[in-house]
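Undergrad:
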Amino acid sequence: MEYIVRKILNTKMFDGDKGKKWGASVMDKKYEILCISQFTLYHVLKGNKLDFHRAMPAQESEPFYMNFLAELRKKYIPELVKDGKFGAMMEVSIQNSGPVTLDIESSVKSISNDSTENVENKKESD
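Written as structure tokens, this is what we have:
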């Protein structure tokens with residue numbers, strides 16, 4: 000989790016001084032961060048159907064997500080870290096400057112959270 004928090008805060012994905020591309024991070028710019036839990040990102044296609052069996056169960060993922068938010072707020076300016084309601088259907092409107100999308104993944108083994116051991120064991124048994 001520390002790895003992902005560090006990457007979210009420090010990856011240079013915004014224009015820096017004098018318009019230098021990829022020259023500034025969220026921390027440099029003091030931007031807000033909007034976190035929305037979205038288990039549908041962790042899917043596989045089985046034919047024409049979405050399958051979410053590899054997603055962490057809600058009873059484990061909610062504490063994991065809350066821990067992630069706490070870590071993000073601890074390492075950054077807490078009032079600049081915003082989040083939606085966990086597990087709720089939401090209508091989210093955003094405006095991208097891009098198109099730029101970054102996928103940040105971390106090995107389950109590097110996450111120091113007991114609840115993720117179940118995910119690791121599940122992956123190994125699949």
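In case it helps, numbering that gives the first Met the number 0 puts the sequence shown at residues 0 to 125.
Idealized CB from N, CA, C, for every residue including glycine.
These numbers come from a predicted model, not from an experiment.
#1: In whole angstroms, what is the alpha-carbon distance linking A23 and N9?
#2: Taking all protein chains shown into account, decide if Y2 is buried (16 or more other Cβ within 10 angstroms of its Cβ) or exposed.
#3: What's the gap between the Cα of L40 and the Cα of A54?
#4: From R72, V43, I35, pick the residue whose C-alpha is nearest to that of E61; which is it?
#5: To the nearest angstrom, how far is the alpha carbon of K73 from that of L79?
#6: Just tell me which of K20, M0, D16, K6 has its CA closest to the CA of S96.
#7: Just to confirm my understanding: we take L68, look at its own chain, exclude 5 residues before and 5 after, and list those with CB closer than 8 angstroms. What are they?
TA: Here's the rundown:
#1: A23 and N9: Cα-Cα distance of roughly 8 angstroms.
#2: Exposed.
#3: If I take the Cα positions, the gap works out to 9 angstroms.
#4: Considering only alpha carbons, the answer is I35.
#5: Rounded to the nearest whole angstrom, the C-alpha separation of K73 and L79 is 11 angstroms.
#6: By alpha-carbon distance to S96, the top candidate from K20, M0, D16, K6 is K20.
#7: A distance below 8 angstroms between beta-carbons, with the five flanking residues on each side excluded, links L68 to the following residues of its chain, in chain order: C34, V80, D82.
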